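The numbering of the sequence shown is my numbering, which starts it at 511 and goes up by one.
Even for Gly, the Cβ is constructed at its ideal location relative to N, Cα and C.
Predicted model only: the values in this text are computed from it and were never measured.
All remarks here apply to the structure that follows.
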Amino acid sequence: MTVSMRRRLKVFIFCSAVLGAVAVAGQNGDRIEFSAESTTTEFIEGGVIKRYSGDVAARSQDLLLRAEEAVYNSVRNEIRLYGDAMLQDSVRTLYADTLVYYDRRREALASGDVRGIEKARSFRAGQVRYLRDEHILHGSGGVTVRDDSIRSSLTGMALTFNDSTRNGWVVGMPSLVREDDDGSIITITAQDTIRIAREARTAELWNSVEVKKDSMTARSERALYEDIPEKVTLFGEPVIEYIMHGTGDEDDIPLRIVSEVTGDTVFVYLEERKLAAVEVAGNAVGTTVALDSTGAVYYRSVLESRSMRLDMTEDQVTGVVARGSARSYYMHAATISGREQFVNSAKGDTIRFFFDDGSITNMRIRGGSSGEASGKYLEYKPVRPDSVKSGEDEARR
511 MTVSMRRRLK VFIFCSAVLG AVAVAGQNGD RIEFSAESTT TEFIEGGVIK RYSGDVAARS
571 QDLLLRAEEA VYNSVRNEIR LYGDAMLQDS VRTLYADTLV YYDRRREALA SGDVRGIEKA
631 RSFRAGQVRY LRDEHILHGS GGVTVRDDSI RSSLTGMALT FNDSTRNGWV VGMPSLVRED
691 DDGSIITITA QDTIRIAREA RTAELWNSVE VKKDSMTARS ERALYEDIPE KVTLFGEPVI
751 EYIMHGTGDE DDIPLRIVSE VTGDTVFVYL EERKLAAVEV AGNAVGTTVA LDSTGAVYYR
811 SVLESRSMRL DMTEDQVTGV VARGSARSYY MHAATISGRE QFVNSAKGDT IRFFFDDGSI
871 TNMRIRGGSS GEASGKYLEY KPVRPDSVKS GEDEARR
């Protein structure tokens with residue numbers, strides 16, 4: 511190298527360091543303009559390595575990169591950013607400890623406490639891969655997502671967002687928590703996947719789904735949560751278990767009451783943070799068993815029909831309607847106060863139960879398939895044999 515060439519090289523490096531603003535372009539990639547407090551250049555075989563430090567910024571059309579330090583390698587067509595690294599474009603903003611951007615592929619790899627913000631959604635992950643041209647983002651390492659379209663927070667092992675459809679997936683033991691300013695409203699977990707449909711404002715969950723709301727637990731193979739209306743639909747052998755505590759109707763002994771509802775499809779409705787209703791479509795079966803402190807059955811009730819609806823207020827059942835080939839069985843065990851065992855069964859097209867303070871007060875049957883109701887209403891209080899008898903007499907008239 512001649513003396514003249516050495517002088518020109520020194521002048522070039524000096525000017526780069528002083529001005530702190532240069533432009534680089536990868537092969538068929540973005541043309542990126544850098545600015546920084548200081549810049550150094552190293553010539554390598556086939557290209558250069560540029561090092562930037564102090565308030566680094568790199569811009570290319572809608573792309574903005576920021577960090578405390580950055581290294582650009584023209585051979586690899588990559589930019590490595592360190593210290594409060596940030597990527598921002600027209601879709602989202604990413605923050606990370608370290609961020610690598612490949613300008614030729616228009617791809618970013620963020621690592622270390624990655625945080626993302628985009629329209630109506632935010633998320634955290636251990637690592638994120640962002641494919642800008644494919645409009646796809648992948649996150650892994652224990653992810654958390656807040657999605658305003660379903661007003662819920664989601665967690666899992668990994669996530670994927672499709673910017674073209676605005677849909678997202680959270681996989682690996684995912685959980686969805688619907689919440690408001692006062693706290694959790696409902697929690698839904700699954701073994702495999704949650705799919706978020708932004709436009710429809712829904713979340714679909716697969717494999718061993720469990721829904722929890724107060725004392726209610728529902729299980730199924732698949733579930734669909736709809737934000738408006740606030741409804742959870744359960745598919746694939748759905749079961750709802752509802753646990754209450756009460757006392758005997760005459761002897762005031764403590765009881766543990768477990769109600770279970772099954773069917774082909776189950777719908778759970780929420781209203782003002784409360785469980786408002788449960789509907790069952792197809793092969794509906796409702797079973798309630800009350801056990802005393804010894805584990806003995808105090809009473810047992812079974813209701814079967816083609817469809818069923820349970821209305822609820824303040825965490826208590828206020829009414830039950832069973833439609834289509836409805837069958838009811840009720841057994842009350844003998845009590846220590848001397849009451850004898852009582853058993854009653856009924857059939858009809860429609861059976862309706864009425865409740866007061868969580869307890870059944872009376873029942874009506876319409877359209878008796880066995881001829882007992884003779885197409886009329888049968889009304890009685892199943893815990894009092896005398897009222898049952900009068901109801902049967904009325905039905906025979």
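Note down, in chain order, each residue of its chain lying with its Cβ closer than 6 angstroms to the Cβ of R729, except the 5 sequence neighbours on either side.
Looking up residue 729 in the sequence shown gives position 219. E720 and V749, listed in sequence order.
To which residues of the same chain is N672 closer than 8 angstroms at the C-beta, ignoring the five residues directly before and after it?
On the sequence shown, residue 672 is found 162 positions in, with the first residue counted as 1. Hits under 8 angstroms: H645, I646 and G678.
Could you give the C-beta distance for Y562 and T549, rounded to a whole number, given that I count them as a contact under 8 angstroms?
Translated into positions along the sequence shown, residue 562 becomes position 52. Translated into positions along the sequence shown, residue 549 becomes position 39. Between Y562 and T549, the beta carbon gap of about 5 angstroms places them in contact (Cβ cut-off 8 angstroms).
Just the C-alpha distance for R849 and S835, rounded to the nearest angstrom, thanks.
In the sequence shown, the residue the question calls residue 849 occupies position 339. In the sequence shown, the residue the question calls residue 835 occupies position 325. In a straight line, the C-alpha of R849 is about 32 angstroms away from that of S835.
R705 by DSSP, collapsed to three states: which one?
Position 195 of the sequence shown, counting from 1, holds the residue named residue 705. Three-state DSSP puts R705 in a strand.
T797 versus R602: straight-line alpha-carbon distance, rounded:
Your numbering for residue 797 matches position 287 in the sequence shown. Your numbering for residue 602 matches position 92 in the sequence shown. If you take the alpha carbons of T797 and R602, they lie about 50 angstroms apart.
In terms of residues, what are the limits of the beta strand (DSSP E) holding S663?
For the purposes of this step, residue 663 is identified with residue 153 of the sequence shown, where counting begins at 1. That run of the beta strand (DSSP E) goes S662 to N672.
Report the start-end ranges of each beta strand (DSSP E) in the segment 758-819 that is 3 residues or longer and not cut off at the edges.
764-772, 775-781 and 784-801
Residues near A567 by beta carbon distance below 6 angstroms, same chain, minus five either side
Looking up residue 567 in the sequence shown gives position 57. Excluding residues within five positions, the ones whose Cβ falls inside 6 angstroms are S545 and R576.
Proximity to S811 [Cα-Cα], best of N793, A707 and A843:
Mapped onto the sequence shown, residue 811 falls at position 301. S811 has its Cα closest to that of A843, out of N793, A707 and A843.
Reference K741; option with closest CA among V687, V778 and Y808:
The residue given as residue 741 occupies position 231 in the sequence shown. The shortest Cα separation from K741 among V687, V778 and Y808 belongs to V778.
Contact check, R610 vs E588, beta carbons under 8 angstroms:
Counted from its first residue, the sequence shown places residue 610 at position 100. Counted from its first residue, the sequence shown places residue 588 at position 78. Checking the sequence, you will find Val at residue 610 rather than Arg. Between V610 and E588, the C-beta spacing is below 8 angstroms.
Count the other C-beta atoms from every protein chain shown that fall within 10 angstroms of the C-beta of R541, then say buried if there are 16 or more, exposed otherwise.
Translated into the one-based positions of the sequence shown, residue 541 becomes position 31. Its Cβ having fewer than 16 others within 10 Å, R541 is exposed.
Residues bridged to H648 (per DSSP)
Along the sequence shown, one-based indexing puts residue 648 at 138. Answer is R639 and T670.
Look at M726 and L785 and say whether their C-beta atoms are less than 8 angstroms apart.
Working through the sequence shown from its first residue, we reach residue 726 at position 216. Working through the sequence shown from its first residue, we reach residue 785 at position 275. Less than 8 angstroms divides the Cβ of M726 from the Cβ of L785.
Buried or exposed for I627, please, with buried defined as at least 16 other CB atoms from any protein chain shown within 10 angstroms of its CB.
Translated into positions along the sequence shown, residue 627 becomes position 117. Exposed is the call here.
Just how far apart, CA to CA, sit V788 and S838?
By one-based count along the sequence shown, residue 788 stands at place 278. By one-based count along the sequence shown, residue 838 stands at place 328. Answer to the nearest angstrom: the Cα atoms are 18 angstroms apart.
Would you list the residues sitting across from E689 in a DSSP beta bridge?
Position 179 of the sequence shown, counted from the first residue, corresponds to residue 689. In the DSSP output, where bridge partners are listed per residue, E689 has S694.
Applying the criterion that 16 or more other CB atoms from any shown protein chain within 10 Å of the CB defines a buried residue, is S659 buried or exposed?
On the sequence shown, position 149 is the one that residue 659 refers to. Flag for S659 reads buried.
Residue range of the unbroken beta strand (DSSP E) whose run includes T845
If you number the sequence shown from 1, residue 845 lands on position 335. T845 -> no beta strand (DSSP E), and no H or E assigned at all.
In three-state DSSP terms, what is T675?
Sequence index remark: in the sequence shown, residue 675 carries index 165 (1-based). Coil, per DSSP.
I698, buried or exposed, once every other Cβ within 10 Å from all chains shown has been counted against 16
As a working note, residue 698 is residue 188 in the sequence shown. Classification of I698: buried, given that the 10 Å Cβ count is 16 or more.
Look at the alpha carbon of V771 and the alpha carbon of P739, and state the distance between them as a whole number of angstroms.
Walking along the sequence shown from the start, residue 771 turns up at place 261. Walking along the sequence shown from the start, residue 739 turns up at place 229. Looking at the two C-alpha atoms, the distance is approximately 22 angstroms.
What are the boundary residues of the beta strand (DSSP E) that includes R576?
Counting from one through the sequence shown, the residue named residue 576 turns up at place 66. Residues L573 to N583.
According to DSSP, is I738 part of a helix, a strand, or is it coil?
Here the question's residue 738 lines up with position 228 in the sequence shown. Correct three-state label for I738: coil.
Let me know if S769 comes out buried or exposed under the rule of 16 or more other beta-carbons within 10 Å of its beta-carbon.
As a working note, residue 769 is residue 259 in the sequence shown. So S769 ends up on the buried side.
R586 lies in the beta strand (DSSP E); which residues open and close that run?
By one-based count along the sequence shown, residue 586 stands at place 76. Where R586 is concerned, there is no enclosing beta strand (DSSP E), given that its DSSP letter is neither H nor E.
Candidates P764, Q851 and V680, of which the one nearest V653 by Cα
By 1-based counting over the sequence shown, the position of residue 653 is 143. Ranking the options by Cα distance to V653, first place goes to V680.
DSSP has G556 in a bridge; who is on the other side?
Position 46 of the sequence shown holds residue 556. According to DSSP, residue pairing for G556 in a beta bridge does not occur.
Measure the Cβ-Cβ separation of G651 and L669 and say whether it is below 8 angstroms.
Indexing the sequence shown from 1 puts residue 651 at position 141. Indexing the sequence shown from 1 puts residue 669 at position 159. Not closer than 8 angstroms, so no.
Distance CB(R616)-CB(R642) smaller than 8 angstroms
Indexing the sequence shown from 1 puts residue 616 at position 106. Indexing the sequence shown from 1 puts residue 642 at position 132. A contact, by the Cβ cut-off of 8 angstroms.
Under 8 angstroms by Cβ, that's how I've got Y582 and I554 pegged, so tell me the actual separation to the nearest angstrom.
Position 72 of the sequence shown, counted from the start, is the residue given in the question as residue 582. Position 44 of the sequence shown, counted from the start, is the residue given in the question as residue 554. That pair is no contact at about 12 angstroms.
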